[in-house]
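Trainee:
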Amino acid sequence: MADLTSNFCGIKSPNPFWLASAPPTDKEYNVRRAFEAGWGGVVWKTLGEAGPPVVNVNGPRYGAMHGADRRLLALNNIELITDRPLEVNLEEMTRVKKDYPDRALIASVMVPCDAESWKTIIPRVAETGCDGFELNFGCPHGMAERGMGSAVGQVPEYIEMVTRWCKESTDLPVIVKLTPNITNILYPAEAALRGGADAVSLINTINSITSVNLDDFAPEPTIDGKGTHGGMCGPAVKPIALNMVAEIARNAETANLPISGIGGVTTWRDAAEFLALGASNVQVCTAAMTYGFKVVQEMISGLSQYMDEKGFTSVDQLSRRAVPNVTDWQFLNLNHVTKAVINQDDCIKCGRCYAACEDTSHQAIEMSEDRVFTVKDDECVACNLCVNVCPIEDCITMKTLEKGEVDERTGQPVGDYANWTQHPNNVAAVSAE
Amino acid sequence: MSNTPMTPGIAPGRLPETSYADHFSDLHPPLDHHEALVAADRCYFCHDAPCMTACPTSIDIPLFIRQIMTGTPEAAAKTIFDQNILGGMCARVCPTETLCEEVCVREVAEGKPVEIGRLQRYATDTLIADGTHPYTRAASTGKKIAVVGAGPAGLSAAHRLAMLGHDVVIFDARAKTGGLNEYGIASYKAPGGYAQSEIDWLMKIGGITVETGKMLGKDLTLDALKADYDAVFLSIGLAGVNALRADGVEKEGVVDAVDFIAELRQTEDLSTLPIGRNVVVIGGGMTAVDAAVQAKLLGAQNVSMVYRRSRARMSASDYEQDLAASKGVQIFYNAAPVGVFGEGAAQEIEFEYTVEENGRLTNTGETFRLPADQVFKAIGQSLEGVPEGLTLEGGKIAVDAVGRTSLEGVWAGGDCATGGEDLTVTAVAEGRDAAEDIHAKLMES
Numbered sequence: 000m001a002d003l004t005s006n007f008c009g010i011k012s013p014n015p016f017w018l019a020s021a022p023p024t025d026k027e028y029n030v031r032r033a034f035e036a037g038w039g040g041v042v043w044k045t046l047g048e049a050g051p052p053v054v055n056v057n058g059p060r061y062g063a064m065h066g067a068d069r070r071l072l073a074l075n076n077i078e079l080i081t082d083r084p085l086e087v088n089l090e091e092m093t094r095v096k097k098d099y100p101d102r103a104l105i106a107s108v109m110v111p112c113d114a115e116s117w118k119t120i121i122p123r124v125a126e127t128g129c130d131g132f133e134l135n136f137g138c139p140h141g142m143a144e145r146g147m148g149s150a151v152g153q154v155p156e157y158i159e160m161v162t163r164w165c166k167e168s169t170d171l172p173v174i175v176k177l178t179p180n181i182t183n184i185l186y187p188a189e190a191a192l193r194g195g196a197d198a199v200s201l202i203n204t205i206n207s208i209t210s211v212n213l214d215d216f217a218p219e220p221t222i223d224g225k226g227t228h229g230g231m232c233g234p235a236v237k238p239i240a241l242n243m244v245a246e247i248a249r250n251a252e253t254a255n256l257p258i259s260g261i262g263g264v265t266t267w268r269d270a271a272e273f274l275a276l277g278a279s280n281v282q283v284c285t286a287a288m289t290y291g292f293k294v295v296q297e298m299i300s301g302l303s304q305y306m307d308e309k310g311f312t313s314v315d316q317l318s319r320r321a322v323p324n325v326t327d328w329q330f331l332n333l334n335h336v337t338k339a340v341i342n343q344d345d346c347i348k349c350g351r352c353y354a355a356c357e358d359t360s361h362q363a364i365e366m367s368e369d370r371v372f373t374v375k376d377d378e379c380v381a382c383n384l385c386v387n388v389c390p391i392e393d394c395i396t397m398k399t400l401e402k403g404e405v406d407e408r409t410g411q412p413v414g415d416y417a418n419w420t421q422h423p424n425n426v427a428a429v430s431a432e
Numbered sequence: 000m001s002n003t004p005m006t007p008g009i010a011p012g013r014l015p016e017t018s019y020a021d022h023f024s025d026l027h028p029p030l031d032h033h034e035a036l037v038a039a040d041r042c043y044f045c046h047d048a049p050c051m052t053a054c055p056t057s058i059d060i061p062l063f064i065r066q067i068m069t070g071t072p073e074a075a076a077k078t079i080f081d082q083n084i085l086g087g088m089c090a091r092v093c094p095t096e097t098l099c100e101e102v103c104v105r106e107v108a109e110g111k112p113v114e115i116g117r118l119q120r121y122a123t124d125t126l127i128a129d130g131t132h133p134y135t136r137a138a139s140t141g142k143k144i145a146v147v148g149a150g151p152a153g154l155s156a157a158h159r160l161a162m163l164g165h166d167v168v169i170f171d172a173r174a175k176t177g178g179l180n181e182y183g184i185a186s187y188k189a190p191g192g193y194a195q196s197e198i199d200w201l202m203k204i205g206g207i208t209v210e211t212g213k214m215l216g217k218d219l220t221l222d223a224l225k226a227d228y229d230a231v232f233l234s235i236g237l238a239g240v241n242a243l244r245a246d247g248v249e250k251e252g253v254v255d256a257v258d259f260i261a262e263l264r265q266t267e268d269l270s271t272l273p274i275g276r277n278v279v280v281i282g283g284g285m286t287a288v289d290a291a292v293q294a295k296l297l298g299a300q301n302v303s304m305v306y307r308r309s310r311a312r313m314s315a316s317d318y319e320q321d322l323a324a325s326k327g328v329q330i331f332y333n334a335a336p337v338g339v340f341g342e343g344a345a346q347e348i349e350f351e352y353t354v355e356e357n358g359r360l361t362n363t364g365e366t367f368r369l370p371a372d373q374v375f376k377a378i379g380q381s382l383e384g385v386p387e388g389l390t391l392e393g394g395k396i397a398v399d400a401v402g403r404t405s406l407e408g409v410w411a412g413g414d415c416a417t418g419g420e421d422l423t424v425t426a427v428a429e430g431r432d433a434a435e436d437i438h439a440k441l442m443e444s
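These protein sequence lines are chains R and D, in that order.
Heads up: the first sequence begins at 0 in numbering that gives the first Met the number 0, then just goes up one per residue.
Heads up: the second sequence begins at 0 in numbering that gives the first Met the number 0, then just goes up one per residue.
#1: Return the first residue and the last residue of the alpha helix (DSSP H) that D166(D) is part of.
#2: Can you name the residues of chain R whose CB is closer than 7 Å to the CB of P273(D)?
#3: Just to confirm the assignment: which complete beta strand (DSSP E) runs, minimum length 3, are found wholly within the segment 12-51 of chain R?
#4: State buried or exposed for V41(R), treating a residue as buried only when at least 16 other CB atoms are found within 10 Å of its CB.
#5: Between I181(R) and chain D, is the shortest Cβ-Cβ distance under 7 Å, so that the two count as touching?
#6: According to DSSP, simplified to helix, strand and coil, what is S24(D)?
#7: Does the distance between the C-beta of L171(R) and the nearest non-hydrogen atom of the ligand ADP fall short of 6 Å?
#8: Under DSSP, the beta strand (DSSP E) around Y416(R) begins and ends at which residues?
#9: Can you tell me whether T359(R) is buried or exposed, with buried defined as 16 or more other CB within 10 angstroms of its CB?
#10: Count Cβ pairs between the segment 206-217 of chain D and the segment 184-191 of chain D that sit closer than 8 Å; are there 3 or more?
#11: Helix, strand or coil for K217(D) per DSSP?
#12: In three-state DSSP terms, what is K77(D)?
#13: So which of E109(D), P4(D), K203(D), Q119(D) has the shortest CA-CA distance to L154(D)?
#14: Who are the near neighbours of F7(R) in its chain, counting only those whose CB is closer than 7 Å to its CB and skipping five residues on each side?
#15: Alpha carbon to alpha carbon, what distance is there between A1(R) and Q304(R)?
#16: Counting contacts by CB-CB distance shorter than 7 Å, is K348(R) in contact with chain D?
#17: Unbroken alpha helix (DSSP H) runs of length 4 or more, entirely within the segment 325-362 of chain R: which are they?
#18: From W410(D) to A38(D), what does the alpha carbon distance come to, in whole angstroms?
#19: Pop quiz: V292(D) and K326(D) are said to be a contact at Cβ under 8 Å. What is the actual Cβ separation, rounded to whole angstroms?
#20: Residues of chain R with CB under 8 Å from D317(D), in chain order?
#21: Using a beta-carbon distance cut-off of less than 7 Å, what residues from the segment 68-83 of chain D approach chain R?
#22: On a Cα-Cα basis, can you pick out the residue from T265(R), Y290(R), M288(R), I261(R) that is closest to L276(R)?
#23: Could you check whether the Cβ of V102(D) sits closer than 7 Å to any Cβ belonging to chain R?
#24: Given that Y43(D) touches chain C, what residues does it touch there, using C-beta distances under 7 Å?
#25: Residues in the segment 54-86 of chain R with C-beta within 9 Å of chain D's C-beta atoms, listed in sequence order?
#26: Leaving out five residues before and five after M512(D) in sequence, what residues of the same chain have Cβ atoms less than 7 Å from its Cβ?
#27: Do you know offhand how far A74(D)'s Cα is from I67(D)'s?
#28: Would you verify that the beta carbon of A354(R) is, or is not, closer than 7 Å to some beta carbon of chain D?
#29: Which two residues bound the contiguous beta strand (DSSP E) that contains N242(R)?
#30: Identify the contact partners of P49(D) in chain R, using a Cβ-Cβ distance below 8 Å as the criterion.
#31: To which residues does DSSP link F136(R) through a beta bridge?
#32: Work out the CA separation of V388(R) and I395(R) for me, nearest whole Å.
#33: For a test of the three-state rule: what should DSSP assign to R319(R), helix, strand or coil?
#34: Determine, using beta carbons only, whether A431(R) comes closer than 7 Å to chain D.
#35: Tell me which residues share the same chain as D436(D) and place their Cβ nearer than 8 Å to its Cβ, disregarding the 5 neighbours each side in the sequence.
#36: Of all the CB atoms in chain R, is at least one closer than 7 Å to the CB of D40(D)?
Spelled out as structure tokens, the structure:
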């Protein structure tokens, strides 16, 4: 079995699966259950400053998006940071860390944007024995209106400033959690780095309204007839998170900044994808909230089996492996020609590929009287839509034309690598010659 | 002392009082809301869907399932009724395993089709329970049409004609409307008086008058109908039964399966309906299965179904045969009846094994006997009481693709006419299409 132990910017854990700062990590009871189930680490639900506790709504705080058979594709929440007294949280954290010394325990923190607040709370929390800090600059609702959370995360200068205050207050690793509710993820990531962050974690939740009640005409979850945007998470946000992780991983300035990948990690495969795209570990919330803490056991066994099959002996060997293959559109090989191929043995003749291609694409699939579907190579632009709409996995695949083979659509033989920067239609390319 | 399955002879009340309701409740219970959504989610919304092609009434199945999936079962029901006004009954009685569900791509791919029949029932039940009738009549055409036979074909034709603005009178020989829906199909396929409640809902279209107890050839003549009405649609079904050629078939206890089923369907308290301890059903079709299964459900100790040809030739589907077997019916293949034995009443029946070579059935000479207090003959129905002047073909009224007979102004459909299998759904399609043709013809002038 592959060695799954993880060392994330100096924080060790038996596996790279951490529970993200969220409702599942709000108190001792839950966190003990999580550790018993096998989670490698826990980012304790965000602590605020001492004083009167935060107040949550008393109506519904989650909304949801469902797929087939009510499979949860996304959650959206309007919950705030922990609403329990700081002292209670700190006592519990201390006890838990003492009982689970091999697990990572990270303290998520969010206090008002002034030096004193941060410099007061960080040393105090460090006394719990926690392994590091995560600065919550991402929460998009409730706290942002008070100048915290994403209100900080959306201003790179604030990120840099607060990170620096925290680094000045502790020797423990400081992870900056980034909000995706910005135009370019590199600005906050670079700011965190300048402030001295040891790592970044992303993404926090995405501003969203998941549904509208068509009887009451209000967003859901609805509180007394009104709704507000919440933070969206779960499987549906994974593609957005993956892109942001990759952007940071392949950016020269931030290339060496460790990344904790967050956003819709539901299976070992999702985790492996985050790792390959540049993350060093992953954080999970929605999967646990949907299925309970036991899901980590599938993640552990699945990642382990995959790594064994690939011959990877450590998580580090998988981490960043796909980063060199993330590029810009302009560098993609325009002379890479593929054609869709339908495996007639696997085809169940539903005709979805035909409808999709005929109605919405390139009219490149032929349908015979007896429902045999074949690709017209002289029309197929290899868009991949048929592959994506086909209900049978691997029934439609893409065949790559060898160099020299004639593309029946263009009549041209397949040539050597050439990209847009070299293309004759590109005015910039022509003038550069 | 109450009776048991082992009580000799033919006796009522072989089961505890409470068993009857249980035995004759829905064969396939209705889908609840969540089950319907899960089942609907499995539909791939195929292009030019094979299920739709396989449906004799061409219901847009992918569309209605998507309408269920998106929370509008009422719209789904409208999609169904547009093509098949008896979509509720068809959802219950259609042999979907040999129609839409047989060709469902998920049946092909996984051996588990989308549950089209049950989804159709979910949609149609929702709308009918709602009590609304989604169709209104066109402006009156002033035309009057006679429909003879209130079975599926007649009801379908009548509804479509009424909708198109014609006035319709339906005549039926029996006391109740519905034809085989009311008298023919197995009780557990449409319990709770569904046949009549569906007709009540169908009649909400208006413009349809029903006259029961009126039999063609006895109380009515085709000539008179032709004279009194602008068009006549014949949907008289197959009133006769094929004769069984074997010794002793006149003995007490030897009856037609269709009569047994009709009596069962009209019996309020099934514990009063006598059934044999040993029942033998002769035949290999749906009627044979319906009779055999219901005999078993009434408490018969031993029920056998005997068919003279092989399993492959049996017209009851594999599904129906499995159903019979699961209820405890024993099925014998390749055995032809020789004679019924007993003093006045049947006690035993003798069969001779057969072999089929090049389509020719020959007896092997080897015989066996089964105890039989009751013998149900289910070897097919035949056309009876056809008015003179109509051209027949293969024992049925010859019609063209839209139901026109050889007589001007007379259309026919359902089991009595040529074309299609003898199924409820086929009858509905024929009635609907004939109605459209009658309308087109009458509106020509």
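Ideal Cβ positions, reconstructed from N, Cα and C, are used throughout, including at glycine.
Mentor: The short version:
#1: Translated into positions along the second sequence, residue 166(D) becomes position 167. It is not in any alpha helix (DSSP H) - D166(D) instead sits in the beta strand (DSSP E) that spans 166-171.
#2: Translated into positions along the second sequence, residue 273(D) becomes position 274. What P273(D) touches in chain R, judged by beta-carbon distance under 7 Å, is nothing: the nearest beta carbon there is about 48 Å away.
#3: Listed in chain order, the complete beta strand (DSSP E) runs (minimum 3 residues) inside the segment 12-51 of chain R are 16-18, 40-46.
#4: As a working note, residue 41(R) is residue 42 in the first sequence. Around the beta-carbon of V41(R), 16 or more other beta-carbon atoms lie within 10 Å, marking it buried.
#5: Counted from its first residue, the first sequence places residue 181(R) at position 182. Cβ-Cβ to chain D under 7 Å: no for I181(R).
#6: Residue mapping note: residue 24(D) aligns to position 25 of the second sequence, counting from 1. Reduced to three states, the DSSP call for S24(D) is coil.
#7: Ligands in the displayed structure: none, and consequently the ligand ADP is not present.
#8: Locating residue 416(R) in the first sequence gives position 417, where the first residue counts as 1. Unbroken run through Y416(R): none, as it is neither H nor E.
#9: Position 360 of the first sequence, counted from the start, is the residue given in the question as residue 359(R). Classification for T359(R): exposed.
#10: The segment 206-217 of chain D vs the segment 184-191 of chain D: no contact.
#11: Here residue 217(D) is taken as the residue at index 218 of the second sequence, counted from 1. K217(D) falls in the coil class under three-state DSSP.
#12: Here the question's residue 77(D) lines up with position 78 in the second sequence. Helix.
#13: Within the second sequence, the letter at position 155 stands for residue 154(D). The residue with the shortest Cα to Cα distance from L154(D) is K203(D).
#14: As a position in the first sequence, residue 7(R) is number 8, starting the count at 1. If we look at F7(R) and ignore the five residues flanking it on each side, its Cβ neighbours are A198, P257, S259, S279, N280.
#15: Taking the first residue of the first sequence as 1, we reach residue 304(R) at position 305. Taking the first residue of the first sequence as 1, we reach residue 1(R) at position 2. The straight-line gap from Cα to Cα measures roughly 7 Å.
#16: Taking the first residue of the first sequence as 1, we reach residue 348(R) at position 349. With 7 Å as the cut-off, K348(R) counts as an interface residue toward chain D.
#17: Annotation: the segment 325-362 of chain R contains the following complete segments of the alpha helix (DSSP H) (minimum length 4 residues), in chain order: 351-359.
#18: Position 411 of the second sequence, counted from the first residue, corresponds to residue 410(D). Position 39 of the second sequence, counted from the first residue, corresponds to residue 38(D). Using only the alpha carbons, I get a separation of about 40 Å.
#19: The residue you call residue 292(D) lines up with position 293 of the second sequence. The residue you call residue 326(D) lines up with position 327 of the second sequence. About 5 Å; that satisfies the 8 Å criterion.
#20: Position 318 of the second sequence, counting from 1, holds the residue named residue 317(D). Per Cβ cutoff of 8 Å: no residues; D317(D) is ~21 Å from chain R at best.
#21: Within the segment 68-83 of chain D, no residue places its CB atom closer than 7 Å to a CB of chain R.
#22: Residue mapping note: residue 276(R) aligns to position 277 of the first sequence, counting from 1. Nearest to L276(R) by alpha-carbon distance, out of T265(R), Y290(R), M288(R), I261(R), is I261(R).
#23: On the second sequence, residue 102(D) is found 103 positions in, with the first residue counted as 1. So, not an interface residue.
#24: Of the chains in the structure shown, none is chain C; the protein chains are R and D.
#25: Of all residues in the segment 54-86 of chain R, G66, A67, D68, R69 have a Cβ within less than 9 Å of some Cβ in chain D.
#26: Residue 512(D) is absent from the model: chain D starts at 0 and stops at 444.
#27: Residue mapping note: residue 74(D) aligns to position 75 of the second sequence, counting from 1. Residue mapping note: residue 67(D) aligns to position 68 of the second sequence, counting from 1. Cα to Cα, A74(D) sits roughly 8 Å from I67(D).
#28: Mapped onto the first sequence, residue 354(R) falls at position 355. For A354(R), the nearest beta carbon of chain D is closer than 7 Å to its own beta carbon.
#29: In the first sequence, the residue the question calls residue 242(R) occupies position 243. Where N242(R) is concerned, there is no enclosing beta strand (DSSP E), although the alpha helix (DSSP H) it sits in stretches over 237-248.
#30: Stepping through the second sequence from its first residue, residue 49(D) is reached at position 50. P49(D) reaches chain R at K348, R370, counting residues in chain order whose Cβ is nearer than 8 Å.
#31: Against the first sequence, residue 136(R) aligns to sequence position 137. Under DSSP, no beta-bridge partner is assigned to F136(R).
#32: Your numbering for residue 395(R) matches position 396 in the first sequence. Your numbering for residue 388(R) matches position 389 in the first sequence. Those two C-alpha atoms are separated by around 10 Å.
#33: Taking the first residue of the first sequence as position 1, residue 319(R) is located at position 320. Shown here, R319(R) sits in coil according to DSSP, grouped into three states, outside any helix or strand.
#34: Working through the first sequence from its first residue, we reach residue 431(R) at position 432. For A431(R), the predicted model reports a pLDDT of 48, less than 50, meaning its position is unreliable; a value from the coordinates is still stated below. Not one chain D Cβ lies under 7 Å of A431(R).
#35: Here residue 436(D) is taken as the residue at index 437 of the second sequence, counted from 1. Same-chain partners within the cutoff: V401, G402, R403, W410.
#36: Within the second sequence, the letter at position 41 stands for residue 40(D). By this cut-off, D40(D) is an interface position.
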